[in-house]
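The structure appears right after this line, and notes come after that.
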Amino acid sequence: MKPRLLDLYCGAGGAAMGYHRAGFEVVGVDIAPQPRYPFGFVQGDALEAFDWVWPYPGGLNGFDAIHASPPCQAHTVANGAWRGRLPDDRHPDLIGQTRALLRKAGLPYVIENVPGAPLIDPVTICGTALGLGVKRHRLFECSLPLLVPPCSGHERDYVICFGGGVRGRTHQLGRTPGNTGPILRRPTLSLERGREAMGIDWMDRVELSQAIPPAYTELIGHQLLQQLKAAA
């Protein structure tokens, strides 16, 4: 029987696919419908999941690990609300509540979020370090030790997926009149190009711009499985 992983704030399933490839059976929970989520799915509030989710045998005891990706909008550099300004009520910070929930559950856990999020001793994974064609730094806090490759420095070509679009890396086309600054261009690319770079072939543009490449959690998932087997 495969070990089971609970995927909170699951979105369209980028993280879930990585854990599946590593060898987990995955069940996702999200407050919004996720018609393209590729595995078992329960719609509901992730912060209340342990109280109600369980049509699954054994309830929470039927799971071996938990992954959580709380909404990142409160911390992303694309939203100025987190940078020393007043809190943005539209984008509450759910990381502390989520961490408390996971610690109470007592299972190995991973929390994922963007650079700038208040995670505890996180590791950073970038797509270029895993041979992907996407530049995307993500932080991972884990209750067990993790080893990840360092960022490659972005020397190779890459794409960026954000804001519902796919863009290429910025190129300087020239200088402004009077040489006051550079003229920059970041080309718009196709959805197919973004899917290829992320290693995801089932998401639309908006889902892709919010997703974790499965290679990130496949790397983490293999280490979780090793540590679960060692503790058995």
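Numbering follows my numbering, in which position 183 of the sequence shown is assigned residue number 183; successive positions increment by one, without gaps.
Where a beta carbon is used, it is the ideal one built from N, C-alpha and C, also for glycine.
Predicted, not measured: the structure shown is a model, and the values here were computed from it.
Asked, Found
"DSSP three-state assignment for Gln34, whether helix, strand or coil", "coil"
"Counterpart residues of His67 in DSSP-defined beta bridges", "Asp7 and Val110"
"Status (buried if at least 16 other CB within 10 Å, exposed otherwise) for Ile120", "exposed"
"Through-space distance from Leu225 to Ile125, alpha-carbon basis", "19 Å"
"Residue range of the unbroken beta strand (DSSP E) whose run includes Ile125", "Val123 to Ile125"
"DSSP three-state assignment for Phe41, whether helix, strand or coil", "strand"
"Three-state class that DSSP yields for Arg193 in the structure shown", "helix"
"Buried or exposed (CB count within 10 angstroms, at least 16 for buried), Ser190", "exposed"
"Contact under 8 Å by Cβ, Ile95 with Leu6", "no"
"For Val123 and Leu101, the rounded distance between their alpha carbons", "21 Å"
"Alpha-carbon spacing of Val134 relative to Glu218, whole angstroms", "16 Å"
"Cα-Cα separation between Met1 and Leu228, rounded to whole angstroms", "14 Å"
"Cβ-Cβ distance between Leu147 and Thr98 below 8 Å", "no"
"Which of helix, strand or coil DSSP assigns to Ile220", "helix"
"Endpoints, alpha helix (DSSP H) assigned at Leu101", "Ile95 to Ala105"
"For Arg205, three-class secondary structure by DSSP", "helix"
"Outcome for Val26 when other beta-carbon atoms lying within 10 angstroms are tallied against a minimum of 16", "buried"
"Euclidean distance between Cα positions of Pro70 and Arg156", "30 Å"
"Of the listed residues Ala215, Gly13, Asp45 and Glu192, nearest to Cys161 (C-alpha basis)", "Glu192"
"Own chain residues within Cβ distance below 6 Å of Cys72, not counting five before or after", "Asn113 and Val114"
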